[in-house]
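Protein chains in written order, with numbering that gives the first Met the number 0: chain A, 0 to 257; chain B, 0 to 66. All C-beta atoms, glycine included, are put in the ideal place defined by N, C-alpha and C.
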Amino acid sequence: MEDLLEIGGKKIKSRFFIGTGKFSDYPLMQKAIESSGAEIVTVALRRVDLDSLRDNILEYIPKSCTVMINTSGARNAEEAIRIARLAKASGAGNWIKIEVIRDNKYLLPDNLETLKATEILVKEGFVVLPYMSPDLSMARRMVECGAAAVMPLGSPIGSNRGLKTKELIQIMVDEIKAPIIVDAGLGRPSDACECMEFGCSAVLVNTAVAISLDPVNMARAFSEGVIAGRRAYLCKIPAEKNIASPSSPLTGFLRQDK
Amino acid sequence: MITIKINGKVQTIEKKVNLLELVKSMGLACEKVVTEHNFRIVAMEEREKIVLEENDNLEIVSFVGGG
């Protein structure tokens, strides 16, 4: 049976979501997306720089992918909602990653403002995936408001520090039925694999892929980490023990024990 | 000539120019940008109807890479 992730009425095969920031150019980004097999791709919305016009990034995202627009740059719910509405008007779809940040040092999200934006945008028909600091109560509220999934951070954005918030995310995985997608800070494929091993539904990675020496192969490596971790989770990873348990039979030795 | 704000910067433009004409004159592909006129989103097909006036506030945004 196929192991599909369902979000916002969409059935998704790849549990590896990819961001599009920091790639040295769009063709390279496109190759990385293709090599990862990702189906969900994030982009941001910004004022047009009239002094240096760039290509349209959407043309470099495979047509089979769902574009998820992030509200990065928003400092409160109102700004996030404004960005989401602008994104919808562009015709790029209605998948929104709500990202509300007021702290420029650690780029940690403002959960309360994120919750407010979630509530309003869900009512407006968006498929809403809030990026959040891992917190069970807040995640529950977001899901109650209609969030399609919640996206707790593993460590600060772009830090490559990996899964520093594991215990809090584990609680969310255990207690919340909606998909839990680890977003931000994952630095290596083994981080992505670990997220999947303990039951997260997907991961979103950008920086670690984009700034690596070979983003095309790194995207693939992350994607393979996700596949391995998910497969292991479905097989139910055996519990740890404090003492040894032999893997080979303890009888029939060549010597004769008395 | 009139003065309007585009993406936070004050600019001088010809009188009686509509939003569609302005976007084109800036070298922007119309379908690749989203426009907001005085904090109201303007759909692509509506741009021609918006004639810009003194002190109008315009936002012109487009998609960029992001995580």
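Alpha carbons only, please: which of the options is nearest the one belonging to residue i?
i	options	result
Glu-1(A)	Leu-233(A), Ile-242(A) and Pro-237(A)	Leu-233(A)
Leu-19(B)	Met-0(B), Val-33(B), Lys-4(B) and Phe-62(B)	Val-33(B)
Ala-138(A)	Gly-161(A), Asp-173(A) and Leu-106(A)	Asp-173(A)
Ala-201(A)	Asp-213(A), Pro-178(A) and Gly-184(A)	Pro-178(A)
Lys-48(B)	Leu-21(B), Ile-59(B), Met-25(B) and Val-63(B)	Leu-21(B)
Cys-64(A)	Arg-74(A), Glu-33(A), Arg-46(A) and Ser-51(A)	Glu-33(A)
Val-66(A)	Lys-87(A), Ser-35(A) and Asp-54(A)	Lys-87(A)
Cys-199(A)	Pro-188(A), Arg-219(A), Met-171(A) and Ile-95(A)	Met-171(A)
Val-9(B)	Arg-39(B), Phe-38(B), Gly-65(B) and Asn-56(B)	Asn-56(B)
Ile-5(B)	Lys-30(A), Ile-6(A), Val-47(A) and Glu-5(A)	Val-47(A)
Gly-161(A)	Leu-49(A), Asp-182(A), Ala-146(A) and Lys-176(A)	Asp-182(A)
Ile-40(B)	Leu-27(B), Glu-58(B) and Lys-23(B)	Glu-58(B)
Lys-115(A)	Asn-103(A), Lys-104(A), Glu-98(A) and Arg-45(A)	Glu-98(A)
Asp-190(A)	Ser-222(A), Pro-214(A), Lys-176(A) and Asp-213(A)	Ser-222(A)
Asn-37(B)	Gly-18(A), Pro-237(A), Ser-71(A) and Arg-81(A)	Arg-81(A)
Phe-197(A)	Lys-10(A), Met-141(A) and Thr-164(A)	Thr-164(A)
Leu-128(A)	Leu-253(A), Thr-113(A) and Thr-19(A)	Thr-113(A)
Arg-187(A)	Ile-180(A), Met-217(A), Leu-57(A) and Val-142(A)	Met-217(A)
Ser-89(A)	Asn-55(A), Asp-50(A) and Ser-71(A)	Asn-55(A)
Gly-36(A)	Ala-83(A), Glu-166(A), Glu-193(A) and Gly-18(A)	Gly-18(A)
Glu-224(A)	Leu-185(A), Leu-57(A), Arg-45(A) and Leu-27(A)	Sequence inspection shows Gly at residue 224(A); the Glu mentioned does not correspond to that position. Out of Leu-185(A), Leu-57(A), Arg-45(A) and Leu-27(A), Leu-185(A) has the C-alpha closest to the C-alpha of Gly-224(A).
Tyr-130(A)	Ala-91(A), Phe-252(A), Lys-240(A) and Ser-71(A)	Ser-71(A)
Give the DSSP-derived three-state secondary structure of residue i in the structure shown.
i	result
Phe-221(A)	helix
Glu-53(B)	coil
Ala-73(A)	strand
Leu-203(A)	strand
Ala-42(B)	coil
Pro-214(A)	helix
Lys-10(A)	strand
Pro-129(A)	strand
Met-67(A)	strand
Ala-243(A)	coil
Val-22(B)	helix
Leu-27(B)	coil
Ser-46(A)	Strictly speaking, residue 46(A) in this sequence is Arg, with Ser absent from that position. Residue state, collapsed to three classes: strand.
Leu-85(A)	helix
Ser-61(B)	strand
Lys-30(A)	helix
Val-16(B)	coil
Report yes or no: is there a C-beta of chain B within less than 9 Å of the C-beta of residue i?
i	result
Leu-49(A)	yes
Tyr-25(A)	yes
Gly-92(A)	no
Val-172(A)	no
Thr-19(A)	yes
Asp-109(A)	no
Arg-46(A)	yes
Ser-132(A)	no
Asp-190(A)	no
Ile-32(A)	no
Ile-68(A)	yes
Leu-203(A)	yes
Ser-71(A)	yes
Could you compute how far the alpha carbon of residue i sits from the alpha carbon of residue j?
i	j	result
Cys-29(B)	Pro-151(A)	36 Å
Val-126(A)	Asn-17(B)	34 Å
Lys-122(A)	Gly-153(A)	28 Å
Ile-168(A)	Ala-42(B)	40 Å
Arg-101(A)	Met-195(A)	30 Å
Met-25(B)	Lys-14(B)	16 Å
Ser-61(B)	Pro-61(A)	18 Å
Gly-157(A)	Ile-210(A)	10 Å
Leu-107(A)	Ser-132(A)	7 Å
Glu-35(B)	Leu-85(A)	8 Å
Arg-219(A)	Ile-6(A)	23 Å
Ala-79(A)	Ser-13(A)	27 Å
Ala-73(A)	Ile-242(A)	52 Å
Val-142(A)	Tyr-105(A)	25 Å
Thr-145(A)	Glu-118(A)	Reading the sequence as shown, one finds Gly at residue 145(A) and not Thr. In a straight line, the C-alpha of Gly-145(A) is about 7 Å away from that of Glu-118(A).
Val-63(B)	Ile-68(A)	10 Å
Glu-77(A)	Ala-83(A)	10 Å
Ala-31(A)	Glu-193(A)	22 Å
Ser-51(A)	Leu-27(B)	11 Å
So, does the CB of residue i fall closer than 9 Å to a CB anywhere in chain A?
i	result
Val-33(B)	yes
Ser-61(B)	yes
Met-0(B)	no
Glu-58(B)	yes
Asn-6(B)	yes
Val-27(B)	A small correction: the amino acid at residue 27(B) is Leu; Val does not occupy that position in the sequence shown. Leu-27(B) counts as touching chain A.
Ile-74(B)	Here chain B covers residues 0 to 66 and nothing more, so residue 74(B) does not appear.
Ile-12(B)	no
Ile-40(B)	yes
Sequence ranges, beta strand (DSSP E) only - wholly within the segment 159 to 212 of chain A, length at least 3: Correct list: 180 to 182 and 201 to 204.
3 or more residues per run - each beta strand (DSSP E) lying fully within the segment 91 to 120 of chain A: Taking only runs of at least 3 residues, the beta strand (DSSP E) segments lying wholly in the segment 91 to 120 of chain A are 94 to 97.
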